[in-house]
Structures are given as structure tokens and as C-alpha cells.
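A.B. asks:
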Amino acid sequence: DLAPDQSLSPQLLDTLNVLPWHELGYKGSGVKIAVFDIEWFGAEISANVTAENTHDCFAHQSCAPRIDPTNIRFENEQGRHGIACAEVVQKIAPEAELHLVRVGNRTTLENAVEWAIREDIDIISMSLSFFNESFYDGTGPNSDQIFKLHNADILMVTSAGNYARQHVRDPFYDPDWNGWHNFDHGTEYMPIYYSEGSHRMNILWDEFERCGTTDLDAYVWSPSGELVGRGFSEHEIGSNRCHPGERFQVTTTESGWHYLQLYRHRGGSVDIDIMARGGTVYFKEPTASIVDPGNHPYAFTVGAANINDYFDGSTEPFSSHGAPGMFKPDIVGPDSLSTHTYGGWGFYGTSASTPAVAGMIAVIMSRYPEKSPYWASDFLKRSAVNPVLSQDGHSNEMGAGYARLPSTDRGCGGNALFLLPLLGIFRRKAMPKPSRIGYSNS
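Using the working numbering, the first residue of the sequence shown is number 1171, and each one after it goes up by one.
#1: To the nearest angstrom, how far is it from the Cα of K1541 to the Cα of A1573?
#2: Could you pull out every residue in the same chain whose Cβ sits closer than 7 angstroms to the Cβ of A1204, ignoring the five residues on either side in sequence?
#3: Find the nearest neighbour of I1501 within the set L1430, M1530 and A1282, judged by alpha-carbon distance.
#4: Once DSSP output is grouped into helix, strand and coil, what is the label at Y1544?
#5: Across which residues does DSSP place S1295 in a beta bridge pair?
#6: Going by beta-carbon coordinates alone, are H1405 and G1438 separated by less than 7 angstroms?
#7: For K1202, collect the residues of the same chain with a Cβ closer than 6 angstroms to its Cβ; drop the 5 residues on either side in sequence, then sort them by chain order.
#8: Please report the distance separating the alpha-carbon of M1445 from that of V1451.
#9: Evaluate L1397 with the Cβ neighbour count: other Cβ atoms within 10 Å of its Cβ, from every protein chain shown; 16 or more gives buried, anything less gives exposed.
#10: Tell me which residue opens and which closes the alpha helix (DSSP H) that R1339 is part of.
#11: Whose C-alpha, out of R1243, V1327 and R1447, is nearest the C-alpha of V1259?
#12: Quick check on D1505: does DSSP put it in helix, strand or coil?
#13: Return the CA-CA distance between P1361 and H1564, expressed in angstroms with no decimal places.
#14: Any idea what DSSP makes of S1392, helix, strand or coil?
#15: Spell out a yes or no on whether the segment 1515-1529 and the segment 1320-1337 are touching, meaning 3 or more CB-CB pairs, one atom from each, closer than 8 angstroms.
#16: Output the distance between the C-alpha atoms of N1611 and D1441, rounded to the nearest integer angstrom.
#17: Is it buried or exposed, W1146, if we count other Cβ atoms within 10 angstroms and call 16 or more buried?
#18: Which of the three DSSP states, helix, strand or coil, is assigned to H1192?
#19: Which residues in the same chain as G1426 place their Cβ atom closer than 6 angstroms to its Cβ, once the five residues preceding and following it in sequence are excluded?
#20: Rounded to whole angstroms, what's the CA-CA distance from F1488 to H1337? Just pull it up for me.
#21: Along the chain, where does the beta strand (DSSP E) containing S1368 start, and where does it finish?
#22: Give a yes or no on whether the C-beta atoms belonging to K1551 and A1570 are separated by under 7 angstroms.
#23: Decide yes or no for the touch test of the segment 1353-1373 against the segment 1496-1511: beta carbon pairs closer than 8 angstroms, at least 3 of them.
#24: In whole angstroms, what is the alpha-carbon distance linking E1358 and H1435?
#25: If you follow the alpha helix (DSSP H) that R1250 is part of, which residue opens it and which one closes it?
#26: Would W1375 and T1384 be called neighbours here (beta carbons separated by less than 7 angstroms)?
#27: In the structure shown, what three-state DSSP assignment does T1185 receive?
#28: Which of the three DSSP states is assigned to H1413 in this structure?
#29: Can you give me the Cβ contacts of F1378 inside the same chain, cut-off strictly under 8 angstroms, excluding the 5 residues immediately before and after it?
#30: Just to confirm the assignment, what range does the beta strand (DSSP E) spanning V1285 have?
#31: Which residue or residues does DSSP assign as beta-bridge partners of A1446?
#32: Buried or exposed: where does N1566 fall if 16 or more other Cβ atoms within 10 Å of its Cβ makes it buried?
#33: How many angstroms separate the CA atom of G1449 from the CA atom of Q1419?
#34: Examine chain D for any beta-carbon lying closer than 7 angstroms to the beta-carbon of H1466, and answer yes or no.
#35: In or out: N1348 buried (at least 16 other Cβ within 10 Å) or exposed?
#36: Please return the same chain residues whose Cβ sits closer than 6 angstroms to the Cβ of L1386, not counting the five positions on each side in sequence.
Next up, the structure:
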């Protein structure tokens, strides 16, 4: 069942300064929140969320069928991740109208976005990542969905991802012209620590506008020298299915340092993005480790910091960082949350911090019902606690800082609750729509 109120630690509400807002009656009333997720299985969905408020976007493009938590169709659906996200939203914004939506790939995301627009949803909380559909620069097919939500005044609150220790971005470099890439650390082998089992590898190169010019193959070797993963896809110039990347499984019976090699069949200098999912890269590069749709400027992207030492000036070591000039993540929220689903301190990652931030935005909207969810998200950013500010007031690791609701004090010492609205209405529809977002590699 969705967590009863006492199953989430009061520490969450205290750390985020939610309780004073609840005491004034601001609990998300009048706000519609949808949780998009793939894992709704292995637990019953609570009576607190009626059957009519669950929506299966796999079963039909209308998303009209209800989620059946006993009917698992795909292996990656096993789990209760979505229910845990819903518990966090419900704890912070208990009076919001909550919808649970089964989403897991590009097609079902498209279905869910159309459903959200039809249903006048205000906020979407989505702790999912999409790989290999752009060079993680805010473009690509998922970008179109965020623009649709933006145009309908619906805010996508999404996770930055947990990939800071799994990521490398290199320009292809072959000084001896033998075809093998030399990584930035100076060898043709990239060490990745894998435990025994199966892991996903995602490799991209920045040729989405001219796919087929470059063709790279990938090889992963075990500590004992066995080939345990490889990507050999053909990349034909002009092909409708041409894709500048490789995605494959690394399946190993050994725990230890494995080694990635990249070989170029043809092409020139390209930037390469490597995501060794489930592993730890020895020469990791946290910068630019946020994937889709977290890099879109109209998505509200959330990093993670442990609630037990929140505000101490650091994020979780796995929390993804933005690329220079991308102004991502937008903000940091708490993880290591106690939930009914995962138990005490058991809900980790940006998956946990995202619904916490979505719930806070709903609380703000219940105080200012005439305002846009984009205005409410900007309100939260301006209220953030940030001990480390860059010159532009933004950090590629922490965004605007730690999410926390401002004081509700009405006196002279009070801060943003009654004063921030005087700064003006931040209406999303007045924002320009960029033709291309992000940074150029040319």
C-alpha cells in the first residue's frame, strides 16, 4: 500500500521546512500531480489512490486502462520504485490529486504526455532516464515532449540521474593511427569496475545531424581477458535507421576491473559520450553526466543530497552533474528517505529527491493557486540554500542549491513566503522557445 503518514520519517518534513506550510493549510490542495514510472509491481496500490487514478500507457495509447500491479509484462518492471515515488509526493503534498502512470519508453512517454495534457495535469514527477536518443544536449525526440508540456503549462520535474561515477566524455584521439581510441588518461583502455552480473553500456558520438560519417566498435574485456561485451552495429550513411552510438550488455562472471576499448572503422574527430551503467569508471568525469530529458531547459531537473547531512555543501557522489553552459541540474533535493516501500533510509538517488521537490512545488502552488507551476519552481529556486555559488549563481553539481521551503514568518524577519510574489509573475508562456538548446561541439 502507499505509505501511511507515519511510515515516512518526520525528518523529511522538518528538513524541507514543510510543516509550517502544512500548519497554515498549504498541503497541495487543488494541484494535480502525475508520477510517471515503470515499476508499479510487487505491491498493492493503496486505497488512498483510487483505481481511476492509475493509468497504463503500455496497455493502450490513451492510457485509459488501469494499472494491474499483478500483471508484469516485462522484466524491467519488477519492483516498487513508482510506489515509493508516490509515497514521497503524498507525504509532502497530501491534499494534491495524485495520478500513477505506467511509462517506460519513448512511445509510452508520448502517450503519457498526451494524456497529461488532456487531463490538465499541473506537475509530473518522473524519476526515469532515457539514453542514446540525443547527445544529451536538450535536443532529440524527448525534447519534443517537453516542449508539448511547456506549451500546455505542465511542469516536468525529472531526475538528474545517478551517473556521475559511470561517465566519461572524450574527443576521439588516435595519435599513432592504429584505429584505437586513446582515452584522456593516456591509454587505449578505460578501466571500469564491474561486479559479477549483467550491465548496460551506452556509447554515443556527436553525429546526430550527419549520422554514418563515423563508425566505432566497442569491446569490453574481463580481468582474465575474456570478451564480455561488444558493440558492432553498422552505421550506414543516409540510412533511416542510422544511429551514432552503440548500446549492449556487459555480462561477466568476475568482479573487478574490466577494460573498454573503442576502434574506429571510419570517420574523423568526434566527441564520444560513454555511460558504463552499473559500473564505476576509474577516471570518471561527472561533468555532462545528465541524460534525457534532464538537459531540457523546460524540465526541472533534480540532483540528490543525503538528508542526514543535508546543507553540508555536497551532493551524493553518484548524483549527475550538468555540462558547462547548460545550467543543470536546477536544484538539489534529499535522498536516503524512509518510506513504507523501501524501509528506513532505504530510498536513495535522484529518484527519491525528484518526488520530494515535486511535492514542494505543489505545496507552493496551493498557497498561490493563480500562479503557473513554472513560477512555483522558480520560487523554490530563489528560496534554495546554497553555500557554494558560482559567479552566475548556479552550480553544475548543485544547481541553485538545496531545495527548502522558505519561512512562513509574516514579520519583518520573514523571507520569501509573502515577499517573493512581489517580484513579479514568472509566466512560462512568455519564455522564448529556442531552436537548438545546449552547447555546440563544433
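Built from N, CA and C at the ideal position, the CB exists for glycine as well.
All figures in this text were calculated on a predicted structure; none of them were measured in a lab.
C.D. replies: The short version:
#1: Looking up residue 1541 in the sequence shown gives position 371. Looking up residue 1573 in the sequence shown gives position 403. Answer to the nearest angstrom: the Cα atoms are 19 angstroms apart.
#2: Translated into positions along the sequence shown, residue 1204 becomes position 34. Closer than 7 angstroms at Cβ, skipping near neighbours: H1269, V1271, A1286, I1291 and I1294.
#3: Residue mapping note: residue 1501 aligns to position 331 of the sequence shown, counting from 1. The candidate whose alpha carbon is nearest that of I1501 is M1530.
#4: Your numbering for residue 1544 matches position 374 in the sequence shown. Of the three classes helix, strand and coil, the one that applies to Y1544 here is helix, per DSSP.
#5: Here residue 1295 corresponds to residue number 125 of the sequence shown, with the count starting at 1. V1205 and V1327, per the DSSP bridge assignment.
#6: Mapped onto the sequence shown, residue 1405 falls at position 235. Mapped onto the sequence shown, residue 1438 falls at position 268. Taking C-beta atoms as the reference points, H1405 and G1438 fail to come closer than 7 angstroms.
#7: Here residue 1202 refers to the residue found at position 32 of the sequence shown. Closer than 6 angstroms at Cβ, skipping near neighbours: E1267, I1291 and D1292.
#8: Position 275 of the sequence shown holds residue 1445. Position 281 of the sequence shown holds residue 1451. About 9 angstroms.
#9: Within the sequence shown, numbered from 1, the residue matching residue 1397 stands at position 227. Answer is exposed; the Cβ neighbour count stays below 16.
#10: Within the sequence shown, residue 1339 is the residue found at index 169, counting from 1. From DSSP, R1339 is part of no alpha helix (DSSP H) but of the beta strand (DSSP E) over H1337 to P1341.
#11: For this step, residue 1259 is matched to residue 89 along the sequence shown. Residue V1327 holds the alpha-carbon nearest to the alpha-carbon of V1259 among R1243, V1327 and R1447.
#12: For the purposes of this step, residue 1505 is taken as the residue at position 335 of the sequence shown. Strand at D1505.
#13: As a working mapping, residue 1361 is identified with position 191 in the sequence shown. As a working mapping, residue 1564 is identified with position 394 in the sequence shown. About 32 angstroms.
#14: Position 222 of the sequence shown, counting from 1, holds the residue named residue 1392. The answer is coil: DSSP assigns S1392 none of H, G, I, E or B.
#15: Segment contact: the segment 1515-1529 against the segment 1320-1337, three or more CB-CB distances shorter than 8 angstroms; contact assigned.
#16: Numbered from 1 along the sequence shown, position 441 holds the residue referred to as residue 1611. Numbered from 1 along the sequence shown, position 271 holds the residue referred to as residue 1441. For N1611, the pLDDT reaches just 30, beneath the cut-off of 50, and the residue's location in the model is therefore unreliable, although a value from the coordinates is still provided. Going by the C-alpha atoms only, they are around 7 angstroms apart.
#17: It is not possible to answer for residue 1146, since the shown part of the chain is limited to 1171 through 1612.
#18: Stepping through the sequence shown from its first residue, residue 1192 is reached at position 22. Here H1192 carries a helix assignment [DSSP, helix/strand/coil].
#19: Here residue 1426 is taken as the residue at index 256 of the sequence shown, counted from 1. Apart from the 5 residues on each side of it in sequence, G1426 sits with its Cβ closer than 6 angstroms to the Cβ of P1393 in its chain, given in chain order.
#20: The sequence position of residue 1488 within the sequence shown is 318, counting from 1. The sequence position of residue 1337 within the sequence shown is 167, counting from 1. Taking the straight line joining both Cα atoms gives about 10 angstroms.
#21: Residue mapping note: residue 1368 aligns to position 198 of the sequence shown, counting from 1. Residues G1367 to W1375.
#22: Looking up residue 1551 in the sequence shown gives position 381. Looking up residue 1570 in the sequence shown gives position 400. Yes, Cβ-Cβ distance for K1551 and A1570 is below 7 angstroms.
#23: Cβ pair count under 8 angstroms is below three, so no.
#24: The sequence position of residue 1358 within the sequence shown is 188, counting from 1. The sequence position of residue 1435 within the sequence shown is 265, counting from 1. Approximately 16 angstroms, taken between the alpha carbons.
#25: Counted from its first residue, the sequence shown places residue 1250 at position 80. Boundaries cannot be given for R1250, as no alpha helix (DSSP H) includes it and DSSP labels it neither H nor E.
#26: Numbered from 1 along the sequence shown, position 205 holds the residue referred to as residue 1375. Numbered from 1 along the sequence shown, position 214 holds the residue referred to as residue 1384. The Cβ-Cβ distance between W1375 and T1384 falls below 7 angstroms.
#27: Numbered from its first residue, the sequence shown carries residue 1185 at position 15. Helix, per DSSP.
#28: If you number the sequence shown from 1, residue 1413 lands on position 243. Here H1413 sits in coil by DSSP.
#29: As a working mapping, residue 1378 is identified with position 208 in the sequence shown. So the list reads S1304, F1305, T1309, G1310 and P1414, once near-sequence residues are dropped.
#30: For the purposes of this step, residue 1285 is taken as the residue at position 115 of the sequence shown. First, the residue type needs correcting, since residue 1285 is Trp and not Val in the sequence shown. For W1285, no beta strand (DSSP E) run applies; the uninterrupted alpha helix (DSSP H) run containing it begins and ends at R1276 to R1288, by DSSP.
#31: Against the sequence shown, residue 1446 aligns to sequence position 276. M1371, per the DSSP bridge assignment.
#32: Residue numbering aside, residue 1566 sits at position 396 when the sequence shown is read from its first letter. So N1566 counts as buried.
#33: Within the sequence shown, the letter at position 279 stands for residue 1449. Within the sequence shown, the letter at position 249 stands for residue 1419. About 12 angstroms.
#34: Absent from the structure: chain D. Only one protein chain is present.
#35: One-based indexing of the sequence shown puts residue 1348 at position 178. When all chains shown are included, N1348 counts as exposed.
#36: Residue 1386 sits at position 216 when you count from the first residue of the sequence shown. Cβ within range, chain order: L1432 and R1434.
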